[in-house]
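Take a look at the structure set out below.
Number of protein chains: 4
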Amino acid sequence: MRVGLLTGGGDCPGLNAVIHAVVKKGILHYGDEFVGFLEGWRGVLDNNSAPLTLAAVDGILDQGGTVLRTSRTNVRKIEGGIEKCVATLKANKIDALIAIGGDDTQSVTNALIQAGVPGVGVPKTIDNDLYGTDACFGFDTAVSIATEAVDRLHTTAEAHNRVIVCEVMGRDAGWIALTAGVAGGAHVVLVPEKPIDLDHVCGLLKYNHDHGKKYGIVVVAEGAKLPGGGQATQGSKVDSFGHARLSGVGQALAEMIEGKTGYETRSVNLGHTQRGGTPTAYDRMLATRYGLAAIDLVHQGNFGRLVVLRGTEIKDIPIAEAISKNRTVTDNFLEILDGLEPKV
Amino acid sequence: MRVGLLTGGGDCPGLNAVIHAVVKKGILHYGDEFVGFLEGWRGVLDNNSAPLTLAAVDGILDQGGTVLRTSRTNVRKIEGGIEKCVATLKANKIDALIAIGGDDTQSVTNALIQAGVPGVGVPKTIDNDLYGTDACFGFDTAVSIATEAVDRLHTTAEAHNRVIVCEVMGRDAGWIALTAGVAGGAHVVLVPEKPIDLDHVCGLLKYNHDHGKKYGIVVVAEGAKLPGGGQATQGSKVDSFGHARLSGVGQALAEMIEGKTGYETRSVNLGHTQRGGTPTAYDRMLATRYGLAAIDLVHQGNFGRLVVLRGTEIKDIPIAEAISKNRTVTDNFLEILDGLEPKV
Amino acid sequence: MRVGLLTGGGDCPGLNAVIHAVVKKGILHYGDEFVGFLEGWRGVLDNNSAPLTLAAVDGILDQGGTVLRTSRTNVRKIEGGIEKCVATLKANKIDALIAIGGDDTQSVTNALIQAGVPGVGVPKTIDNDLYGTDACFGFDTAVSIATEAVDRLHTTAEAHNRVIVCEVMGRDAGWIALTAGVAGGAHVVLVPEKPIDLDHVCGLLKYNHDHGKKYGIVVVAEGAKLPGGGQATQGSKVDSFGHARLSGVGQALAEMIEGKTGYETRSVNLGHTQRGGTPTAYDRMLATRYGLAAIDLVHQGNFGRLVVLRGTEIKDIPIAEAISKNRTVTDNFLEILDGLEPKV
Amino acid sequence: MRVGLLTGGGDCPGLNAVIHAVVKKGILHYGDEFVGFLEGWRGVLDNNSAPLTLAAVDGILDQGGTVLRTSRTNVRKIEGGIEKCVATLKANKIDALIAIGGDDTQSVTNALIQAGVPGVGVPKTIDNDLYGTDACFGFDTAVSIATEAVDRLHTTAEAHNRVIVCEVMGRDAGWIALTAGVAGGAHVVLVPEKPIDLDHVCGLLKYNHDHGKKYGIVVVAEGAKLPGGGQATQGSKVDSFGHARLSGVGQALAEMIEGKTGYETRSVNLGHTQRGGTPTAYDRMLATRYGLAAIDLVHQGNFGRLVVLRGTEIKDIPIAEAISKNRTVTDNFLEILDGLEPKV
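See below:
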């Protein structure tokens, strides 16, 4: 078969591991040919592609980014976009299409499927908030990087009796903040799912201070809601992927904490360092399994499906189901935070 | 309540994170007192313990090893052992016991429960082969360390046109070899669940050699079965935890490969470096969740249970069920390897 | 002897390794007693101290921060400060004082020496700009962290055809930017020693763009001078250590680059993550050697000296000489950048 | 100019960073052309080469290994070897040759220079034992890897009350063992420069045991001399680079320690993991500076020289001088170990 492949949306460690697995199994086992469309759906719109051979994917398994590059081009918002894509795929004699991406990307995959294109989806969201799967690759890497940063902040905060606020990714869902906060032993963890209660935040820091721990680490998701309405005023400066620019909720919160407690407070925003670089072993394995399952679906003729993780097994669900809603941090996960906090 | 706590069997990154979570939630939310028995069941047998306060668990979340230390003492193999343990627990006015450990440790927990001790288990096996749970803490850390080593071996093997055999942990189950092998892009991965086929191994290396890749990385589990009967002759030198000593299957296999192919072949055994040091964020989170769930079970009076991961949720199952069998690498996981290999 | 010890100024990975070495050799070889003054000179002013025993320094070698904590209290700016310090030292029967810190800290050490206190200095500056020594501990760790971040930024920038500006520490000297920039393969490196030439910066990025590399990595020291006068307007918000707060030169420069080139440009500021956490092996070794040399100087009665690295040897120079001037990036180091850049 | 380039001897992190710097400055600043001879001197003997363009060195700065590959072929031991090399260089119209390698490689460079070839040397030894330079790239990376391993071994050894012996590289010089041992807080460090005194080793471990530290970490260089004559009997199995195979001095020493003290003792040999993978920032910078200096020497017509580090500056010395003797661990470095040890 002649299979098209693309990566859409924000980049994410593990994208290359998916590509590597798809192409390797496709060529070695099924005798497929691969066409890589460049920069997400833009490459399909503009018919910009490159062949993906075994040589092209050699050694990319552990590389961050995506050799196909990516973009946020959303075909559905472009008039005649779907038709143009269908035409490109026909012109390239594509028998099946594998699209790796999040909600936005998969909504286009879904539209193409409805237009008759045999498509399969691989989920991708560094925020881990896609509905229907236990895990998305890239998330574990982001959490690892954030946790290592939090580990480092402990000693410098402690040396200076300071509070340090560390802002991490997570616009709608607080999985990265929750996991890196718990794993990093942060004293306060704040997620978008629960409005920030400044009294509670300062109460926790004060409790520690009164019990001999004269420093504090606060991990906050970029999408956490500041008290007094909405996000940081700087939050209006969002980038094209909807992520807050540098001076976001973390810095605003640091100023509030210092104002209220009098403790010297600093902030740091991990920004783009969280999404680059080599994926963790966990993410490489998950991405590889997704890739293998996706090419298997193609050869089973099982289209319109998204590969997902359920427990230890790779399964597949309708793409339409996955993009219908988000998976945010639920109460039983917020109880983890409660369980580790003093009552203040 | 007055709760006893111990860690048994081989050490594993994440043990301290479990202790940290149990003690923090126990004291801060339930008003418990904690007694830590030292060096596994030996501490219960000998009535050797230390109080576990908030101060004692401060800052241990990210530390490897276990502040309670551990041993392989198996109470069931000692005459009157169970009675002695019951007496110690009574003497210490222990209302409930939380035992963190693998099959051997939990078989004692189970025996104590049958003798009337209110006990709860937390699973621990770095090999990830415990039945009934999707994951055990420590495994992700071991895989990370092994994968980083495999990453490093690629460049030195390539620079010298060599084959390097990397031996990793896994006596009965090949999860570490499988995951680190796939994540590290090894060319051959060998697990205990499938006898080594030397022709196939050398065939894969030769295929790569003939296609321009003049080096090879082989990842082998310590328990993999060499061709011609059983394990490496050196395999008889096992340590007290049943792990092969330094010169094991890896070195024997390297000699076989060099003999058969003529390719210069070296071996390295990652040994104890795989089980020490700070746990990954994944393992810290999982261990924390296990600890929180274990102390909750105690306060629910839900004894005889083992906390487990199912999908994204923490559940609990009867201890007796978990220790009844092992979870080894099944065919659908071996297919991952097939999917990435050329047909030779 | 009874020896006082303190750490002053901004914290720096390796401070604990110095303390560890001083105390270990002092107790084990010289039979000394140690008094640790807490939070830098503030602890001497306020007579706030704790004994430093072998147990107190066990296991701190690889820890970031400083068990003695630190502050920026400058005794010389406090009326009667020097006299108060002399009195505290006398009251504690201190025979000799070892002060670990940078210019500010050592200027107090020097004043105390002139007031008759037998003192020895250990240099500390994460910026590596202390005159008279080839290297300061902490710098290598900061560079490692910054380089790993730059490594990660490459793949995310490339995936999106973006320019990413990474701001690193270095107020007066650009050693961190220079080293992490070169080691990380940044396309543009900007230091405080040379005013930023925006045309040149954009020219380099455009050259790459025209030659197929459609992304760019810019590493900029926080103290680099923006074109059009001085630092970033946000630069006025400096913290108590004189370091720019979050929105500094990096963000301002990113906006200038995007404005001039039209390339999508993002910025990230590594901030406090650069100075926390476990030191590199290099820094641990250097800090250990400094500590051993400092306690040797004390027992040689060789006061008023600062330990320094010269080539591979530890030497000592007058404290007064070291604090007289800074070591900034010189032309022969700037030539490294020229050597790797295209001519534009 | 038309410049030849090769890497010889054992591989070492940083080789690619040298190649990257040489080629970039050569092409961008001097307008040179580069011919890369493959697999060390073997490529010159056999006239096996590939052009080195800017594209060929793009992105290799942070890669371990060497894109030119390497071998231990020693031209001087091959009859007519020097003449053959001279002929190849002439046939390729090589105006100057840059050889990156250790003693053996540079002895050939020197012989070629005497035969009229305009050559320049870049020093390379992971053991850091080359005479005439303060540091060689690759060493810092090896030490980092070994130190991280030692860090990890602490917690597993402590959890089990064990002694763990960690064998590291260093056949003639103990720099890696010394530095990783001190940085990793090992309790005993053993180097080739001083025969192992088993009584002293066991005395140190016993002292710790008697003072509450019931575990021990021993770092031993592969070339350390065991008591009772020579190296481990297994030491006869050396690889083609003279490095001991897996079961070397570490395992033999572990057995001796367990025999003498009765403490449970394990060993691990870090082996090839120490020389692979991405170089540290320190090594990337040093290698880059060496590369830039080497191509400068070529254009200054300053042949027969080896680039070296002296303090913070890159200098050059006659190749003949560098290969005349080794730089081993001297008494003032052994005093570091004495300073940190109890007197037993």
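Residue numbers (the UniProt record's numbering), protein chains in the order written: chain V, 1 to 344; chain C, 1 to 344; chain G, 1 to 344; chain X, 1 to 344.
Here a beta-carbon is modelled for each residue, glycine too, at the ideal position from N, C-alpha and C.
Keep in mind the model is a prediction, meaning the values are calculated, not measured.
(message) According to DSSP, is G:Ser-144 part of a helix, a strand, or is it coil?
(response) Numbered from its first residue, the third sequence carries residue 144 of chain G at position 144. Helix, per DSSP.
(message) Please list, in chain order, the residues of the stretch 45-70 of chain G that have any C-beta partner in chain V closer than 8 Å.
(response) Gln-63, Gly-64, Gly-65, Thr-66, Arg-69, Thr-70
(request) Using a Cβ-Cβ cut-off of 9 Å, state whether C:Ala-157 counts as contacting chain X. (result) Position 157 of the second sequence, counting from 1, holds the residue named residue 157 of chain C. With 9 Å as the cut-off, C:Ala-157 counts as an interface residue toward chain X.
(request) Report the rounded CA-to-CA distance for V:Thr-70 versus V:Gly-121, giving the unit in angstroms. (result) Numbered from its first residue, the first sequence carries residue 70 of chain V at position 70. Numbered from its first residue, the first sequence carries residue 121 of chain V at position 121. Spanning the two alpha carbons is a distance of roughly 16 Å.
(message) Ignoring anything shorter than 3 residues, give me the beta strand (DSSP E) runs that lie fully in the stretch 73-124 of chain X, in order along the chain.
(response) Within the stretch 73-124 of chain X, the complete beta strand (DSSP E) runs of at least 3 residues are 96-101, 119-123.
(message) Can you pull the chain B neighbours of G:Leu-28, defined as C-beta to C-beta under 9 Å?
(response) The structure shown contains no chain B; its protein chains are V, C, G and X.
(message) If I measure Cβ to Cβ from G:Lys-325 and keep anything under 7 Å in the same chain, skipping five residues before and after, which residues do I get?
(response) Against the third sequence, residue 325 of chain G aligns to sequence position 325. For G:Lys-325, where only same-chain residues beyond five positions count, the Cβ hits under 7 Å are Tyr-131.
(message) Do G:Leu-97 and G:Pro-123 have their beta-carbon atoms positioned less than 9 Å apart in this structure?
(response) Residue numbering aside, residue 123 of chain G sits at position 123 when the third sequence is read from its first letter. Residue numbering aside, residue 97 of chain G sits at position 97 when the third sequence is read from its first letter. No, the pair does not count as a contact, with Cβ atoms beyond the cut-off.
(request) Check whether the Cβ atoms of residue 403 of chain X and X:Asn-269 lie closer than 9 Å to each other. (result) No statement about residue 403 of chain X is possible, as the shown extent of chain X runs from 1 to 344 and does not include it.
(message) Does X:Val-188 come out as helix, strand or coil in the three-state DSSP assignment?
(response) Locating residue 188 of chain X in the fourth sequence gives position 188, counting from the first residue. Three-state DSSP puts X:Val-188 in a strand.
(request) Taking 9 Å as the cut-off, decide whether the C-beta atoms of G:Thr-261 and G:Val-189 are in contact. (result) Walking along the third sequence from the start, residue 261 of chain G turns up at place 261. Walking along the third sequence from the start, residue 189 of chain G turns up at place 189. Going by C-beta atoms, G:Thr-261 is not nearer than 9 Å to G:Val-189.
(request) Go through its chain and collect everything with a Cβ distance to G:Ala-146's Cβ below 7 Å, but skip five positions before and after it. (result) As a working note, residue 146 of chain G is residue 146 in the third sequence. Cβ neighbours of G:Ala-146 beyond the five flanking positions: Val-168, Ile-176, Ala-180, Leu-270, Gln-274.
(message) For V:Leu-198 and V:Val-344, which I take to be in contact (beta-carbon distance under 8 Å), what is that distance rounded to the nearest angstrom?
(response) Along the first sequence, read from residue 1 onward, the residue named residue 198 of chain V stands at position 198. Along the first sequence, read from residue 1 onward, the residue named residue 344 of chain V stands at position 344. About 12 Å; that fails the 8 Å criterion.
(message) Measuring straight from C-alpha to C-alpha, what distance separates C:Ala-309 and C:Asp-127?
(response) The residue labelled residue 309 of chain C in the question sits at position 309 within the second sequence. The residue labelled residue 127 of chain C in the question sits at position 127 within the second sequence. Residue 309 of chain C is actually Leu in this sequence, not Ala. Approximately 16 Å, taken between the alpha carbons.
(message) Restricting to runs no shorter than 4 residues, where is the alpha helix (DSSP H) found entirely within the stretch 192-224 of chain G?
(response) 198-210
(request) Give me the Cβ distance between C:Val-150 and C:Val-220, rounded to the nearest whole Å; I'm assuming they're in contact under 8 Å. (result) Counting from 1 along the second sequence, the entry for residue 150 of chain C is found at position 150. Counting from 1 along the second sequence, the entry for residue 220 of chain C is found at position 220. With a Cβ gap of about 11 Å, C:Val-150 and C:Val-220 do not count as contacting.
(request) For the stretch 10-43 of chain C, enumerate the residues whose C-beta is nearer than 9 Å to any C-beta of chain V, in chain order. (result) Ala-17, His-20, Ala-21, Lys-24, Lys-25, Leu-28, His-29
(request) Evaluate G:Ala-135 with the Cβ neighbour count: other Cβ atoms within 10 Å of its Cβ, from every protein chain shown; 16 or more gives buried, anything less gives exposed. (result) For the purposes of this step, residue 135 of chain G is taken as the residue at position 135 of the third sequence. By the 10 Å Cβ count, G:Ala-135 comes out buried.
(request) Run through the stretch 29-76 of chain V for me and flag every whole alpha helix (DSSP H) of 4 or more residues, listed as ranges in chain order. (result) If we require 4 residues or more, the alpha helix (DSSP H) runs fully inside the stretch 29-76 of chain V come out as 41-45, 54-57.
(request) Name, please, each residue of chain V whose Cβ falls closer than 7 Å to the Cβ of C:Asp-134. (result) Within the second sequence, residue 134 of chain C is the residue found at index 134, counting from 1. In chain order: Gly-311, Thr-312.
(message) Less than 8 Å between C-beta atoms, sequence neighbours within five positions excluded: which residues of the same chain meet that for V:Arg-76?
(response) For this step, residue 76 of chain V is matched to residue 76 along the first sequence. In the same chain as V:Arg-76, and ignoring 5 residues on each side of it, the C-beta atoms closer than 8 Å to its own belong to Ile-82, Ser-107, Val-108, Ala-111, in chain order.
(request) Compile a chain-ordered list of the residues in the stretch 165-184 of chain C whose CB is closer than 8 Å to at least one CB of chain V. (result) Against chain V - using a Cβ distance shorter than 8 Å - the residues of the stretch 165-184 of chain C are Thr-179, Ala-180, Val-182, Ala-183, Gly-184.
(request) Examine chain V for any beta-carbon lying closer than 9 Å to the beta-carbon of C:Gly-144, and answer yes or no. (result) Position 144 of the second sequence holds residue 144 of chain C. It is worth fixing the name first, because residue 144 of chain C is Ser in this sequence and not Gly. For C:Ser-144, the answer is yes, since a Cβ of chain V falls inside 9 Å of its Cβ.
(message) Quick check on this structure: which residue in V:Asp-210, V:Thr-156, V:Glu-321, V:Ala-287 has the alpha carbon closest to the alpha carbon of V:Leu-64?
(response) Here residue 64 of chain V corresponds to residue number 64 of the first sequence, with the count starting at 1. Contrary to the premise, residue 64 of chain V reads as Gly rather than Leu in this sequence. Closest option to V:Gly-64, judged by alpha-carbon separation, among V:Asp-210, V:Thr-156, V:Glu-321, V:Ala-287: V:Ala-287.
(message) Could you compute how far the alpha carbon of V:Ala-50 sits from the alpha carbon of G:Arg-171?
(response) Your numbering for residue 50 of chain V matches position 50 in the first sequence. Your numbering for residue 171 of chain G matches position 171 in the third sequence. Those two C-alpha atoms are separated by around 46 Å.
(message) Could you tell me the alpha carbon to alpha carbon distance between C:Ile-19 and C:Leu-5, rounded to whole angstroms?
(response) For the purposes of this step, residue 19 of chain C is taken as the residue at position 19 of the second sequence. For the purposes of this step, residue 5 of chain C is taken as the residue at position 5 of the second sequence. The alpha-carbon atoms of C:Ile-19 and C:Leu-5 are separated by roughly 8 Å.
(message) Taking CB distances under 9 Å as the criterion, tell me whether G:Glu-193 reaches chain V.
(response) Taking the first residue of the third sequence as 1, we reach residue 193 of chain G at position 193. Closer than 9 Å: no.
(request) Work out the CA separation of V:Asn-47 and G:Ile-257 for me, nearest whole Å. (result) Here the question's residue 257 of chain G lines up with position 257 in the third sequence. Here the question's residue 47 of chain V lines up with position 47 in the first sequence. Whole-angstrom Cα-Cα distance: 30 Å.
(message) Can you tell me whether C:Gly-31 is buried or exposed? The criterion is at least 16 other CB atoms within 10 Å of its CB, across all chains shown.
(response) Here the question's residue 31 of chain C lines up with position 31 in the second sequence. By the neighbour-count rule (16 or more Cβ atoms within 10 Å), C:Gly-31 is not buried but exposed.
(request) Could you tell me whether the Cβ of V:Ser-236 comes closer than 9 Å to any Cβ of chain G? (result) For this step, residue 236 of chain V is matched to residue 236 along the first sequence. Low confidence applies here, because V:Ser-236 scores a pLDDT of 38, under 50, leaving its location unreliable; read the following figure in that light. By the rule that beta-carbons nearer than 9 Å mark a contact, V:Ser-236 does not touch chain G.
(message) Taking the beta carbon of C:Arg-152 as the centre, do at least 16 other beta carbons fall within 10 Å, making it buried, or is it exposed?
(response) Counting from one through the second sequence, the residue named residue 152 of chain C turns up at place 152. Buried, since its Cβ has 16 or more Cβ neighbours within 10 Å.
(message) Let me confirm a value: C:Glu-79 is counted as buried when at least 16 other C-beta atoms fall within 10 Å, else exposed. Which label applies?
(response) For this step, residue 79 of chain C is matched to residue 79 along the second sequence. Classification for C:Glu-79: exposed.
(message) Just to check my reading of the structure: V:Asp-103 and V:Asp-283 have Cβ atoms closer than 8 Å, yes? What is that Cβ distance to the nearest angstrom?
(response) In the first sequence, residue 103 of chain V corresponds to position 103, counting from 1. In the first sequence, residue 283 of chain V corresponds to position 283, counting from 1. Not really, about 19 Å apart at Cβ, beyond 8 Å.
(request) Please list the partners that X:Thr-273 has in chain C, where partner means a Cβ-to-Cβ separation under 8 Å. (result) Against the fourth sequence, residue 273 of chain X aligns to sequence position 273. Correct list: Ala-149, Arg-152, Leu-153, Val-268, Leu-270.
(request) Could you give the DSSP three-state label for C:Val-182: helix, strand or coil? (result) The residue you call residue 182 of chain C lines up with position 182 of the second sequence. Three-state DSSP puts C:Val-182 in a helix.
(request) Between the Cα of G:Val-280 and those of G:Gly-14, G:Ala-320, G:Arg-2, spot the shortest distance and give me the residue it belongs to. (result) Looking up residue 280 of chain G in the third sequence gives position 280. Checking the displayed sequence, the identity of residue 280 of chain G turns out to be Thr instead of Val. Measuring from the Cα of G:Thr-280, the nearest candidate turns out to be G:Gly-14.
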